[in-house]
Amino acid sequence: MKQTFILIIFIIISASTIAQDRVDYKIPKKLDVEDFQIPEDKAFLEKFDNIKIPTLMRKMLKTDEEHIIPFLRQKTADVYDSQITLKIMRQGTLVTDKQFAWIKKEVDTCAQLLHLSSPPRIFIVGEGGMKARVVNFKDPFIVLPAKLVEKLDAQALRFAIGRQIGHIKCDHVFYQTLFSGGLDSLELVLGKWVAEAIQKSLDRVTDLILVDWTLAREISADRAGLIACQNLQVAQETLLNFKLGMSIEKAKFNIEDSLEQARIIEEKQALAVKNLPKSVQKGFARWRNANQLKVDHPFIFKRISAIQEYAESATYRQLFE
């Protein structure tokens, strides 16, 4: 009797695993970046690319390049990539066909779904909570925290991986690195004085602009994640679970209730500033938005609504027709 019970449990577990591996999906026949990158995101990147190198600095740098972004890419890519690659290799484990092969399979599938010609390398690290990320902008690879891998099922993980491939395809990685202050190789390659002068030029990109771009780029990435997992409910619930880090079997969300939670927050904040002078109201709004830059997963509630709108759009539906 005991052996029969164990056998039944084994069959149930095996069936569940097989069901995860057999998540149905359709590969879009054609997929351009514009199919999921929102126009605001693209416009911000073009604005960043138009930041010029001051004339005096160009003479000192002995460069014919007029703009800061392509100049910095060229000068810092190899040094930065080598530094970060060594750091991640010391912290984590490389995903291959022989170790964590099921994750490798999901990454390959996501790359196929999002028309990425070469699947990125993947590392699993022990820290980072529920925040997956892309590092390196010349040879990008994806870093998955062990907790995220442990807590998500195959379809939810596909959403998380698809988001990172979306960041790669939209070319977000260099800009995120630069504006987060993570480009340590800047001073190493160009010298302290030049690095400081360039930083002053970049300071024209205010926190307020970065907040708006942060929301825009995350919406673009969420759309890529939806194309990868092809299930709106899974995408929205995974977004919510990024904040909590619960086992996917226990994380039973109600999207309507979550959006109601967002509405209550907005009402409370509106009430708090209602009787304040307009100048103070604007300052409060800037402060509230700027705080999102410090959050691992910013603007979750706005993104839940945005991804639903995308899922119901003709642009999304036509990908699979």
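Each residue of the sequence shown is one higher than the last, beginning at 716 in my numbering.
Just so it is clear, CB atoms sit at the ideal spot from N, CA and C, and this is done for glycine as well.
Just so it is clear, the structure is predicted and the values come from calculations on it, not from any experiment.
Who are residue i's beta bridge partners in DSSP?
i: K767; result: H782
Going straight from the alpha carbon of residue i to that of residue j, what length do you get?
i: V748; j: E933; result: 14 Å
i: A1021; j: E911; result: 38 Å
i: E902; j: K1009; result: 24 Å
i: C825; j: V888; result: 18 Å
i: V926; j: D1011; result: 13 Å
i: L986; j: L974; result: 18 Å
i: T811; j: L771; result: 49 Å
i: R836; j: D937; result: 20 Å
i: K762; j: K813; result: 44 Å
i: S833; j: I883; result: 11 Å
i: I886; j: T791; result: One detail in the question is off: residue 886 reads as Asp in this sequence, not Ile. So the two alpha carbons sit approximately 16 Å from each other.
i: K907; j: L898; result: 13 Å
i: L959; j: L923; result: 27 Å
i: N946; j: S935; result: 16 Å
Which residues in the same chain have their Cβ closer than 7 Å to the Cβ of residue i, if we skip the five residues on either side of it in sequence?
i: L1034; result: P743, L746, D750, I942
i: H782; result: D764, N765, I766, K767, I768
i: A730; result: Because the pLDDT of A730 is 41, which lies under 50, any placement of that residue in the model is unreliable, and the number read from its coordinates should be weighed accordingly. Within the same chain, A730 has no close Cβ partners at all.
i: Q827; result: I742
i: D854; result: D796
Assuming residue i is part of the alpha helix (DSSP H), what are its boundary residues?
i: R938; result: 922-944
i: T953; result: 947-959
i: L809; result: Note, L809: premise wrong, no alpha helix (DSSP H); beta strand (DSSP E) at 807-809.
i: I1019; result: 1015-1026
i: Y1031; result: 1029-1033
i: L917; result: 907-917
For residue i, collect the residues of the same chain with a Cβ closer than 8 Å to its Cβ; drop the 5 residues on either side in sequence, then sort them by chain order.
i: A847; result: I857, V858, L859, P860, L863, A875, I876, R878, Q879
i: M804; result: F838
i: T778; result: I768, F786
Got a sec? Which residues, its chain only, sit under 6 Å from residue i by beta carbon, not counting five neighbours each side?
i: P1013; result: T929, Q1007
i: G807; result: F838, I839, V840
i: N851; result: D796, I799
Go to residue i, then tell me how far its beta strand (DSSP E) extends in each direction, as first and last residue.
i: L1008; result: Premise fails: L1008 is in no beta strand (DSSP E) and is neither H nor E.
Residue ranges of each alpha helix (DSSP H) within the region 870-897, 4 or longer:
Those alpha helix (DSSP H) runs which fall completely within the region 870-897 and span 4+ residues are 888-894.
Where in the region 812-875 do unbroken runs of the beta strand (DSSP E), each at least 3 residues long, occur, reported from the N-terminal end onward?
Correct list: 836-840, 848-850, 856-860.
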